[in-house]
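Contents: one structure, followed by commentary.
2 protein chains.
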Amino acid sequence: MSQYEIMLFFEQMNPNQKKEFLKQIKSDYRQILIKYFSNDITLKEKIDKFINAVFCANVPVPKIIEIHMEIVDEFSKQLKLEGRSDYSSLLLDYRLALIDMLAHLCELYRRSNASKS
Amino acid sequence: MSQYEIMLFFEQMNPNQKKEFLKQIKSDYRQILIKYFSNDITLKEKIDKFINAVFCANVPVPKIIEIHMEIVDEFSKQLKLEGRSDYSSLLLDYRLALIDMLAHLCELYRRSNASKS
Chain F
1 MSQYEIMLFF EQMNPNQKKE FLKQIKSDYR QILIKYFSND ITLKEKIDKF INAVFCANVP
61 VPKIIEIHME IVDEFSKQLK LEGRSDYSSL LLDYRLALID MLAHLCELYR RSNASKS
Chain D
118 MSQYEIMLFF EQMNPNQKKE FLKQIKSDYR QILIKYFSND ITLKEKIDKF INAVFCANVP
178 VPKIIEIHME IVDEFSKQLK LEGRSDYSSL LLDYRLALID MLAHLCELYR RSNASKS
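Going line by line, the protein sequences match chains F and D.
The numbering used here applies: residue 1 is where the first sequence begins, and numbers increase by one.
The numbering used here applies: residue 118 is where the second sequence begins, and numbers increase by one.
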């Protein structure tokens, strides 16, 4: 069973449910970033799953930005630990992934909104 | 009278109306980018006006991305003409402005959508 099947709105979840849900989407988003510039054939599926989960749970957009910042920060620390800080400018390219996610999500909300008008 | 007061949905506009509307929001978005990293006190107002126009006209999100790309491309050409290509990497920072716009717009659609549920 998909971990996203229990589809409460994020704001209606209790603290434990919120924590579990955030843990899951953060893990999914991390995988998206890791694979974003690869030719991984499962990337589109991962993105669709993530967008769908966030849309169905009606997650506030600032929370998505926060998750992105946290993961990029983790990656940055990891690069430093590995003495590869010269690659850290590459982390800025992940902004493209965030733009991609926000554009998809925004279009989904826009269409859903228009269909209810 | 604001040029945004006639609030047809973008998709319902005739070709001339679409052209005029796009010209106006492109001009507004260009001003936002130009002022984005300044302390211009009218920046917030410009952003609110732009987001509101795009939201009310229900502009497809790919069109926003297209406008962003076109303007950054214009800036890039201008920098080359002025022999300031060394500044062109700064253009990448405008992605932050696009993230900001998309996040605001997405949150607006999300809330509007939830209020109709």
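For every residue, glycine included, the Cβ atom is placed at its ideal position computed from N, Cα and C.
These figures come from a predicted structure and were not determined experimentally.
At a CB-CB cut-off below 8 Å, which residues of chain F make contact with residue i?
i       : result
A174(D) : Near A174(D) there are no residues of chain F at all, since even the closest Cβ is about 11 Å away, more than 8 Å.
Could you tell me which chain F residues have their CB closer than 7 Å to the CB of residue i, listed as they occur along the chain?
i       : result
V178(D) : A103, C106, E107, R110
For chain D, check one thing: does any of its Cβ atoms lie closer than 7 Å to the Cβ of residue i?
i       : result
K77(F)  : no
R119(F) : The structure shown does not extend to residue 119(F), since chain F is modelled only from 1 to 117, so the question has no answer here.
Along chain D, in chain order, which residues have C-beta atoms closer than 7 Å to that of residue i?
i       : result
A114(F) : N175
L98(F)  : I216
Which class does residue i belong to by DSSP, given the choice of helix, strand or coil?
i       : result
E107(F) : helix
Y52(F)  : Note on identity: in this sequence residue 52(F) is Asn, with Tyr being the wrong assignment. N52(F) falls in the helix class under three-state DSSP.
D86(F)  : helix
L139(D) : helix
Y211(D) : helix
F9(F)   : coil
N133(D) : helix
I216(D) : helix
D28(F)  : helix
V59(F)  : coil
R117(F) : Checking the displayed sequence, the identity of residue 117(F) turns out to be Ser instead of Arg. DSSP places S117(F) in coil when its eight states are reduced to three.
F192(D) : helix
S292(D) : Because chain D spans 118 through 234 in this model, residue 292(D) falls outside it and cannot be assessed.
I67(F)  : helix
I158(D) : coil
S2(F)   : Here S2(F) scores only 49 on pLDDT, less than 50, and its place in the model is too uncertain to base an answer on.
With a threshold of 7 Å between beta carbons, is residue i in contact with chain F?
i       : result
I182(D) : yes
Q134(D) : no
So which residues of chain D does residue i contact, with C-beta pairs closer than 9 Å?
i      : result
L92(F) : L209, D210, R212
Quick test of your reading: residue i and residue j, contact by CB under 8 Å. State the CB separation rounded to the nearest angstrom.
i       : j       : result
I32(F)  : V54(F)  : So it is not a contact: roughly 12 Å between Cβ atoms.
L208(D) : S232(D) : Not a contact, Cβ separation roughly 37 Å.
F127(D) : N175(D) : 6 Å
L225(D) : L102(F) : Going by Cβ atoms, the distance from L225(D) to L102(F) rounds to 12 Å, so no, they are not a contact pair.
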